[in-house]
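Count along the sequence shown starting at 1, add 93, and that's the number in my numbering. C-beta atoms are modelled at their ideal positions from N, C-alpha and C, and glycine is treated no differently. What follows is a short report on a single structure.
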Amino acid sequence: MKRTILSLAVAMFSISPVIPAIAQAPRPAELPAQGGTLQSLVPKGWKVESTTQGDLNGDRKPDAVLRLIKTSGEDRDRALLVLQQQSNGQWQRIGFAPNILLCSTCGGMLGSIQIKIENGVILVDQLRGSREAVNTLHRFWIDKASNRIVLIGLDVNVRDRATGDETRESSNFLTGQKITEKYRPNQQRTGIELVSRQRSTIPKTTRAIETVNIAETQL
């Protein structure tokens with residue numbers, strides 16, 4: 094019996110290395126730092142799914158946020174590439190987020206991604222789920238000291254579409270404040286009513302966009 098168990102263990106160990114490795118997004122250090130065109134900064138094996146332009150640093154030049162998607166695979170990964178336009182017309186990479194966006198099949202029935210630039214802030218609004226709908230809104234801007242893109246705010250709304258119960262959490266990493274609200278349907282079922290509201294203190298920590306992961310946004 095012991096000999097049989099040992100044989101099975103050896104067999105399992107011997108076949109495990111043939112499992113194909115999951116493809117990884119390129120690391121920021123592997124990407125070009127500057128380029129003459131937006132396309133020249135797109136990593137190999139990826140393509141531009143959408144482009145959002147707006148002034149991120151107040152120099153009145155349009156900077157760009159590229160939503161990238163892998164060109165192959167069933168569950169195609171997405172990534173966010175932030176480029177700043179220089180005075181000579183060149184484009185400089187100031188942020189690359191390989192884990193912030195939902196993959197091509199990760200959103201479920203409600204999957205959607207919207208990216209905007211408003212008043213120098215990048216807004217990444219995503220919706221996912223089916224019965225449980227999860228809406229996330231990440232806010233990023235340029236940290237002037239490092240000229241890098243950092244996370245300054247995050248809203249996470251989770252709603253049970255069957256019961257109507259909803260939890261809303263809003264974090265401001267500049268002020269160090271977080272507000273958590275819980276809602277339920279009103280008696281007339283015509284809307285929702287506030288059940289509780291709690292304010293708490295969080296660290297004033299602005300993380301680099303490269304470290305932000307959409308998988309962290311579960312309440």
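In DSSP terms, what residue i is bridged to
i: THR144; result: LEU159
i: PHE189; result: LEU174
i: GLY222; result: ALA226
i: ILE235; result: ILE242
i: ASP253; result: GLU225
i: ALA301; result: VAL243
i: LEU287; result: TYR276
i: VAL214; result: GLU211
i: ILE206; result: GLN219
i: ASN265; result: GLY246, GLN270
i: ARG292; result: ILE272
i: LEU259; result: The residue you asked about is not Leu; residue 259 is Glu in the sequence shown. DSSP output for GLU259 lists ARG252, TYR276 as bridge partner(s).
CA-to-CA distance, residue j to residue i, given in whole angstroms
i: GLY213; j: SER264; result: 19 Å
i: LEU216; j: ASN279; result: 31 Å
i: ILE115; j: LYS163; result: Its pLDDT being 37, under 50, ILE115 is placed unreliably in this model, and the coordinates cannot settle the point.
i: LEU203; j: GLN132; result: 30 Å
i: PRO136; j: GLU123; result: 9 Å
i: ARG221; j: TRP184; result: 32 Å
i: ILE242; j: GLN146; result: 15 Å
i: GLU286; j: ASP218; result: 24 Å
i: ALA308; j: GLN281; result: 36 Å
i: ASN250; j: VAL227; result: 6 Å
i: ARG300; j: TRP139; result: 25 Å
i: PHE189; j: THR294; result: 29 Å
i: THR283; j: ARG224; result: 19 Å
i: PRO296; j: ASP148; result: 28 Å
i: SER143; j: GLU262; result: 28 Å
i: PHE233; j: VAL141; result: 20 Å
i: GLN207; j: GLY129; result: 26 Å
i: GLN179; j: LYS209; result: 21 Å
i: ARG277; j: LEU247; result: 22 Å
i: SER205; j: GLU211; result: 19 Å
i: LEU230; j: ARG252; result: 15 Å
i: ARG153; j: LEU134; result: 22 Å
i: GLY151; j: GLY182; result: 16 Å
i: PRO121; j: GLY269; result: 28 Å
i: LEU161; j: THR298; result: 27 Å
Residue i at chain C interface by Cβ criterion, 8 Å
i: GLU262; result: Going by chain labels, chain C is absent from the structure shown, which holds only one protein chain.
Distance CB(residue i)-CB(residue j) smaller than 8 Å
i: THR310; j: GLN291; result: no
i: ASN192; j: VAL288; result: no
i: ILE245; j: LEU267; result: yes
i: ALA118; j: ARG186; result: no
i: LYS275; j: THR260; result: yes
Checklist entry - Quick one: any contact between the stretch 160-175 and the stretch 196-205, if contact means 3 or more CB pairs under 8 Å? => result yes
Next on the checklist: Does the stretch 171-191 come into contact with the stretch 137-157, if we say contact requires no fewer than three beta-carbon pairs (one atom in each stretch) closer than 8 Å?
Outcome noted: yes
Next on the checklist: Tell me whether the stretch 229-240 and the stretch 253-260 touch, counting them as touching only if at least three CB pairs, one residue from each stretch, are closer than 8 Å.
Outcome noted: no
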